[in-house]
Each structure stands twice: as C-alpha cells, then as structure tokens.
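Engineer: Heads up: the sequence lines are chains L and D, in that order.
This note's numbering puts the first residue of the first sequence at 1, with every later residue one more than the last.
This note's numbering puts the first residue of the second sequence at 202, with every later residue one more than the last.
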Amino acid sequence: MGTDSRRGLLKKGLLGGAVLALGGGGGLFLLPGRLEPLPSGGLKVLDQREYSVFAALARRLVPSTPGVPSVDELEVAKVCDTIVSQTDPTAQAEVKQLLQLFERALPNLLFGGRVSAFTSLSPEAQDEVLGEWRRSSILLRRTGFLALRAVVMGATFAQPRTWPLTGYPGPPSGFHQADAPHWVGGGTPRPDGNGVWREPT
Amino acid sequence: MSQGTIRGGAELTADTTVDCDVCVVGSGSGGSWLAHELVKQGKRVVLLEEGGHHTRREFDMTEARAFPALYQELGNRTTDDLAITILQGRSVGGGTTVNWCASFRTPDRILAHWAEHHGLEAVNKAALTPHWDAIEKRLHVAEWPLGAINRNNKVLWEGLGALGYERGLIKRNVNNCANLGYCGMGCPLDAKQSMLVTVIPDAVELGLDVYANVSVRRLEWSGTRVSTVHADVLDPATDRPSGRTLTVKAKAFAVSGGAINSPALLLRSGLDGGGLVGRRTWLHPVVMMMAQFDEKVEAFSGAPQSVYSHHFIDRGPGKVGFFLEVPPVHPMLASVVATVVGRQAQTLLSSLPYLNVCIAISVDGLLPQETGGTVKLRSGAYNRVSFNYDLRAEHFEAFKTACEEMARIQFAAGAKKVMSLHLDPVVLESPGDLSKLSDAKWERLQLKVATAHQMGGCPMGADPKRSVVDPTLRYRGLDNLFVVDGSVLPTSLGVNPQITIMGLARNAAPAVAAAV
Numbered sequence: 001m002g003t004d005s006r007r008g009l010l011k012k013g014l015l016g017g018a019v020l021a022l023g024g025g026g027g028l029f030l031l032p033g034r035l036e037p038l039p040s041g042g043l044k045v046l047d048q049r050e051y052s053v054f055a056a057l058a059r060r061l062v063p064s065t066p067g068v069p070s071v072d073e074l075e076v077a078k079v080c081d082t083i084v085s086q087t088d089p090t091a092q093a094e095v096k097q098l099l100q101l102f103e104r105a106l107p108n109l110l111f112g113g114r115v116s117a118f119t120s121l122s123p124e125a126q127d128e129v130l131g132e133w134r135r136s137s138i139l140l141r142r143t144g145f146l147a148l149r150a151v152v153m154g155a156t157f158a159q160p161r162t163w164p165l166t167g168y169p170g171p172p173s174g175f176h177q178a179d180a181p182h183w184v185g186g187g188t189p190r191p192d193g194n195g196v197w198r199e200p201t
Numbered sequence: 202m203s204q205g206t207i208r209g210g211a212e213l214t215a216d217t218t219v220d221c222d223v224c225v226v227g228s229g230s231g232g233s234w235l236a237h238e239l240v241k242q243g244k245r246v247v248l249l250e251e252g253g254h255h256t257r258r259e260f261d262m263t264e265a266r267a268f269p270a271l272y273q274e275l276g277n278r279t280t281d282d283l284a285i286t287i288l289q290g291r292s293v294g295g296g297t298t299v300n301w302c303a304s305f306r307t308p309d310r311i312l313a314h315w316a317e318h319h320g321l322e323a324v325n326k327a328a329l330t331p332h333w334d335a336i337e338k339r340l341h342v343a344e345w346p347l348g349a350i351n352r353n354n355k356v357l358w359e360g361l362g363a364l365g366y367e368r369g370l371i372k373r374n375v376n377n378c379a380n381l382g383y384c385g386m387g388c389p390l391d392a393k394q395s396m397l398v399t400v401i402p403d404a405v406e407l408g409l410d411v412y413a414n415v416s417v418r419r420l421e422w423s424g425t426r427v428s429t430v431h432a433d434v435l436d437p438a439t440d441r442p443s444g445r446t447l448t449v450k451a452k453a454f455a456v457s458g459g460a461i462n463s464p465a466l467l468l469r470s471g472l473d474g475g476g477l478v479g480r481r482t483w484l485h486p487v488v489m490m491m492a493q494f495d496e497k498v499e500a501f502s503g504a505p506q507s508v509y510s511h512h513f514i515d516r517g518p519g520k521v522g523f524f525l526e527v528p529p530v531h532p533m534l535a536s537v538v539a540t541v542v543g544r545q546a547q548t549l550l551s552s553l554p555y556l557n558v559c560i561a562i563s564v565d566g567l568l569p570q571e572t573g574g575t576v577k578l579r580s581g582a583y584n585r586v587s588f589n590y591d592l593r594a595e596h597f598e599a600f601k602t603a604c605e606e607m608a609r610i611q612f613a614a615g616a617k618k619v620m621s622l623h624l625d626p627v628v629l630e631s632p633g634d635l636s637k638l639s640d641a642k643w644e645r646l647q648l649k650v651a652t653a654h655q656m657g658g659c660p661m662g663a664d665p666k667r668s669v670v671d672p673t674l675r676y677r678g679l680d681n682l683f684v685v686d687g688s689v690l691p692t693s694l695g696v697n698p699q700i701t702i703m704g705l706a707r708n709a710a711p712a713v714a715a716a717v
C-alpha cells in the first residue's frame, strides 16, 4: 500500500487523520523492535512485527498468574491474528496500522521521551506507554488503546482455560445437546420441541 | 402450498435464480413476522438472511462460539471512533436468537409522541393491540416470577425498593425456561421463543423458503418498482463471498435487515430517501456500573433480565430519560467491557462471581436538538459501514445522573464497592463517595458506552420531507418496496424493542400483500 493510499485510509478510518501527526509519515524513527518467533502454523493476516506487538501487549494487559496458563501458553497473539482475519478487510488494515503505530518510536519519544520501539521497552515502560494511550487527552489515542485492548482481552477470556482465574464455573452441563435435530423443512416432519405451538390446555 | 425449506450457503452450489411473490431481506423480529403473515395468506415468500442457520445443536453456551456465529462483525461492531460498542444479532432469527427476552409493548407516551411529532396517528394502540395479543400468545410472553429472579436482578429489585423507586418485573418470551442465563449465546433448549424456533419454522411448514448465508448487495429498481434482489452467496466456513450468486425476482420486497444494515442496503441500491436514509439512528445508549458484593451474585446464571425501573424515564423538558435493567455477566464480555488493565483487571475479573452490573438505557431521539447516528457506506468495505453517533451534552448529563443513581441503588442493596466504567475508573467505597463521580470526565471515549437496541435510519412518518417510509411502511417513491424492521422507528422507545418491531411488522403485512 502506497503512502498516499495509507494516508487516505487513516483519515477516513478508525484512527483519523490526526494520528499521522502522532507517528505516521513514512517510518520516521522506526527503530527495530523485539520480534517474536512465528507461531506454529504461521499467521493469517498479521506480519511478524504486528504479531510481536500483540504478544507484548497481551503480557502487559494480562500478566501471569500462578495456576493459570500465561498469555504465551494460551497463544493469545495467535488468537488475535485469527480474530483480525475474520473481520472486514478495512478493519484488518486499520488494526495493522494501529499495531505499527503503537510500535513506532516517534510517539513514544514525543509523549514519553523514549527512543525505543514498544516491544523493546521494559515491562514497566510498556505499562507507562499503555497508561499514556489510555489517559491521553487525544481522543484518537484512547480509541487505539480500546481497540487493541478489546482484541487482546477477548482473545484471552474467551478461552475456557482462563475460567479458573475468574471463578467462572463454565456453562451448566446436561443441557446442550450436540446431536439435537437440525430441522430444515423440505417435506420432513418438524420435530417436537419448545418452539412448537400447542393451544394451552 | 407444500412445505418450504431452509437452505444454507453450502447448498447453493451454482448461481441460482428464484421467483416468488414477496422477497423479505432479513430474518429478525420484523422480517420473520412479516414473512409468516404473508405465507398464511397464501403468498409465495422467500426470506433471506446474511448470517447462518445456527440451531441449538451448536448452542454450547460458550462466548467463543456464540459471538463469531451470532453477532454482527463477531460482536465487534462499533461506531467509527469506538465510542459506542454495538451488540447486534446476525443469524437466522436475527436479534431474537441472542436477545435477553425482555418483552414490552410500545409505551403510550411514545405512541403519543409519534402522533404529535411524526403524524403517525394511524400507528396507535388500538391498531397494534390485536397484533401484540397474538404475538404474546404465540411467544408465551409472561412476567417472570419474583421467586425465580437471579441474584443479579435481585440487587436491582432490592436497591430500588430500599430507595422507594418505581420497579417492575419483566415479561419474557420463554416456554419451559430452565433459568440457565445463556440467552445471549443462543438457547440450548429452544426455550427462548425466538423467531428461529417459532415463527420461522411455523412459516416454513406453510411454504416459506429461507436462504441463509446470503448477503444482499443490491435492489434493482426502475421507475417506481423494484424488480430483483441481487445477493452474494457466502461460504459458511469463512463468511466470505463464495463467488456464487442468488437472484430473487418478486412482485414485492421488504427490507428487514435492522437499523444499520437496512439503510446500508438502500444506500448501496441508490435509494437515499432524499438524504434521509441512514440518518437519525437511535441506539438507546447504555452506561454501566459494576458493584462488588460480599456474597456471590453469579450474574452469569439465571434469566438475564427480569427486573426493570422506569423511575427516571421522563426527567422533564430538555433532559434525556433513562431506564434501568441488568445484563448477564460472562467472562469474555466482562473483560472487554471493563476498562482496567493488568493486575487491576485480574483483581476485578477474579471477583466475577461477586459482581453485579446495572445498566442505564438512555431514551434518545425525543429532544428536538438530537441528531442521533448516521450510517454511511464505507469505501472498500464489504459489510462494514461507517457509523457515527452524535453524543451530546444532554446524553452525558443523563449518563452522569444514571451512574450516580445506579451506584445509590447498588449500595442500597448491600454493595461493598461500586466502580464506573471510565477509562480511569471511579471507585466508590460508600454512598458518601458519590460526589467523586462529579469529578470524572463525562466525555466521548472517557467511559464505556454500548448499545443492544438499534432503531431508526428509515423513519416512518406522514411528512414526506421527514420520513423514508409512509405509515404503512412503504418506501416513498417505490410502489412495491417496504422497510419492515427497527429502522422505521422515528425515535427510540424507552423499552426493549422486539415486541414493538414484531407488532409493526404484523400490522404492515396487509399493505405488503396488497402490493403483490
């Protein structure tokens, strides 16, 4: 995607034009960050750098807790890739741009005096960056924070292995029937069930 | 007429063309009831649905399965700026497959407002009551008994009672409900009387043909008539276009895709209603307060919504009213809705069984200065629209008042701590802390706002300059096109909308039949 079209997408899309002033503009101060090894089976839509930002974000948003699998064990960043792959192509493009923007050093320099990419920062500094996005007076940074947070939290807490952390017992057993009739008409009798009308007796 | 069939995208293995009397686009509250009434009159009806035909054999009560399969944009639909999260159904049955069963008739004051401000004298209580009677009978609508309400609802009930606030029990559309609490993920027992298990199969028995996994791209029209619907067949495995098409030729058409997708389809078809289509969309914007209790609340278990309060529904001139209910609280949705991160998030989520959440649902669209939401087409997107909503000072005043009142109610019911859903949450340890809410930021994207009720965008009315459809729901300027869903509501309702939409659909059926 060329710079012009990327600029146009940003102006019209999730992040809006003002984001360009926060760190877009042709990769200025784009220092190398820490790359995660690619997951087994590869990635669907994210590149290695974008995947690495999700992995770093997940570790800070959902820190390790004894007795519960870590976000790395849960492969949260890979699940994020799957979630993003199922969205509209325009949303995919915006999430990818947001991840790259989050990683870039320029906004970190402007807002926090840091000269490293997000993935290369210490955990404490990463928390500070997250706090800056979350509490920013600039609406578009708050939007970006919420977008990435929603994907990471959804990718984490949709997984049953996290339920022990929340005290959620899971759905009640004995009600779901995986072999229940799947009636589609076509001249076959409709199976009896709670949806079938009967005159009250 | 012989029995109809429900087909999915996998069965449409080649480009297909079908003929019928009426083609209905969208299988939610409006489209299903309309289709049902028309087949009862002997019309040949085809019902199209963009989502899949998911049934109870898939309803395993997990969020991981339910959201991608049953919600628009996997549950991630939002306004463009992410200020408002939009929960909206997408499968055979539409919103009724995943709603929380609250069943209210249209309030008198809303019908009076529509008559006075939108010329809708004909859409009145006497006209709608026979439809509501029939709908409520078929869907087993009945008040949920106080003895069966879960602890989450009981918090609201007790708090309202302690403060002397108006309170009531919600009527629900259920039959043999086991009080599980998973209505939002598809009922595993078919106890919820959704369109999926009631009106749609009833209509299929009478001859209705349903096509799932078909995305209607365009209505072909000329002069004053629509002739054809053009749809892409989606691959059920990927939800992407399969490359095959479905073409439906009919004598009359109804657009019933809901308050965001119906305007989008009309706009894609070059039908902008004189610039009104997609404008004045109402959302019942929701704000929430989360309370922690010493005893278990287990808001993930039991009928999700059984108590309401309309105590603040009419707050006087110039103010946005709101009504109070509770939502179910399951781990994924709670983790996404909560605004905290890191250890704070874990501390909060680890107390999930002890959390109560109250919601305040704002009644938007009644103040003259409100403009609501605007749906536009998004360049390069397939089914993702551009959507913005004008959150105004009047809404934030209502949000702040609502959060204070919810906290008051939660403390009155015994909460030990109450938290707002600001990006920087306000934590209240006692009723004496309520003033802390005054210092919080009441601005866009400073606190979580959501919607589960989408209305408007194709408003009905008597004045052609202010309405997209006339009081019979006929699209102005086309003789055989109707809009039959929540998008025709000229304002929001102040109650959960499914019964209103069903009633309007049933009421519209004679006009649609007459257009055949």
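Using N, Cα and C, we set each Cβ at its ideal position, and we do this for glycine too.
(1) For the segment 163-183 of chain L, enumerate the residues whose C-beta is nearer than 9 Å to any C-beta of chain D, in chain order.
(2) Count the other CB atoms within 10 Å of the CB of residue 510 of chain D; is the residue buried (16 or more) or exposed (fewer)?
(3) Tell me, please, which residues DSSP counts as bridged to residue 369 of chain D.
(4) With a threshold of 7 Å, establish whether the CB of residue 32 of chain L neighbours any heavy atom of the ligand ADP.
(5) Using a Cβ-Cβ cut-off of 8 Å, state whether residue 641 of chain D counts as contacting chain L.
(6) Excluding sequence positions up to five away, which residues of its chain have a Cβ less than 6 Å from the Cβ of residue 546 of chain D?
(7) Going by DSSP, what residue range makes up the alpha helix (DSSP H) through residue 358 of chain D?
(8) Cβ of residue 719 of chain D within 8 Å of Cβ of residue 431 of chain D?
(9) State the Cα-Cα distance for the pair residue 391 of chain D and residue 195 of chain L, rounded to the nearest angstrom.
(10) Should residue 218 of chain D be labelled buried (16 or more other beta-carbon atoms within 10 Å of its own) or exposed?
(11) Could you please give the first and the last residue of the uninterrupted beta strand (DSSP E) stretch that includes residue 526 of chain D?
(12) Can you tell me which residues form a DSSP beta bridge with residue 449 of chain D?
(13) If you measure from the beta carbon of residue 49 of chain L to each beta carbon in chain D, is any gap under 8 Å?
(14) Sort out for me which residues DSSP pairs residue 202 of chain D with in a bridge.
(15) Using C-beta distances below 6 Å, list every residue in its chain close to residue 632 of chain D, excluding the 5 sequence neighbours before and after it, in chain order.
(16) Is residue 711 of chain D helix, strand or coil when you go by DSSP?
(17) To the nearest angstrom, how far is it from the Cα of residue 343 of chain D to the Cα of residue 375 of chain D?
(18) Could you run through the segment 67-100 of chain L and flag, in chain order, every residue whose CB is less than 8 Å away from some CB of chain D?
(19) Nearest-angstrom Cα distance between residue 706 of chain D and residue 508 of chain D?
(20) Do we get a CB-CB distance below 8 Å when we pair residue 583 of chain D with the residues of chain L?
(21) According to DSSP, simplified to helix, strand and coil, what is residue 128 of chain L?
(22) Give me the subset of the segment 129-147 of chain L whose CB atoms are less than 9 Å from a CB atom of chain D, sorted by chain position.
(23) Pull up the DSSP beta-bridge partners for residue 483 of chain D, would you.
(24) Should residue 262 of chain D be labelled buried (16 or more other beta-carbon atoms within 10 Å of its own) or exposed?
(25) In chain order, what residues of the same chain have a beta carbon less than 8 Å from the beta carbon of residue 242 of chain D, not counting five sequence neighbours either side?
(26) At the level of alpha carbons, what is the spacing between residue 298 of chain D and residue 273 of chain D?
(27) What are the start and end residues of the alpha helix (DSSP H) that includes residue 336 of chain D?
(28) Let me know if residue 169 of chain L comes out buried or exposed under the rule of 16 or more other beta-carbons within 10 Å of its beta-carbon.
(29) At what residues does the beta strand (DSSP E) containing residue 618 of chain D begin and finish?
(30) Could you give the uninterrupted runs of the beta strand (DSSP E) lying entirely in the segment 573-604 of chain D, keeping only those of 3 residues or more?
(31) Per DSSP, residue 516 of chain D is paired with what?
(32) Chain L beta carbons: is any one of them nearer than 8 Å to that of residue 349 of chain D?
(33) When the cut-off is 8 Å and only beta carbons count, does residue 275 of chain D lie next to chain L?
(34) When the cut-off is 8 Å and only beta carbons count, does residue 157 of chain L lie next to chain D?
(35) Using the Cβ count rule (16 or more neighbours within 10 Å means buried), how would you classify residue 282 of chain D?
(36) Can you list, in chain order, the residues of its chain with a C-beta nearer than 8 Å to that of residue 362 of chain D? Leave out the 5 residues immediately preceding and following it.
Structural biologist: Reading off the structure:
(1) 163, 165, 166, 167, 168, 169, 170, 171, 172, 175, 176, 177, 178, 179, 180, 181, 182 and 183
(2) buried
(3) D:509
(4) Summarising the ligand content, the structure contains no ligands, and the ligand ADP is consequently not present.
(5) no
(6) none
(7) 352-364
(8) With chain D represented from 202 up to 717, any question about residue 719 of chain D goes unanswered, as that position is not in the structure.
(9) 6 Å
(10) exposed
(11) 523-526
(12) D:219 and D:430
(13) no
(14) DSSP, once it has assigned bridges, lists no residue as partnering residue 202 of chain D.
(15) 612
(16) helix
(17) 8 Å
(18) 83, 86, 87, 88, 89, 90 and 91
(19) 27 Å
(20) yes
(21) helix
(22) 130, 131, 134, 135, 139, 140, 142, 143, 144, 145, 146 and 147
(23) D:656
(24) buried
(25) 710 and 714
(26) 12 Å
(27) 326-339
(28) exposed
(29) 618-621
(30) 574-577 and 587-590
(31) Bridge partners of residue 516 of chain D: none, in fact.
(32) no
(33) yes
(34) yes
(35) buried
(36) 368
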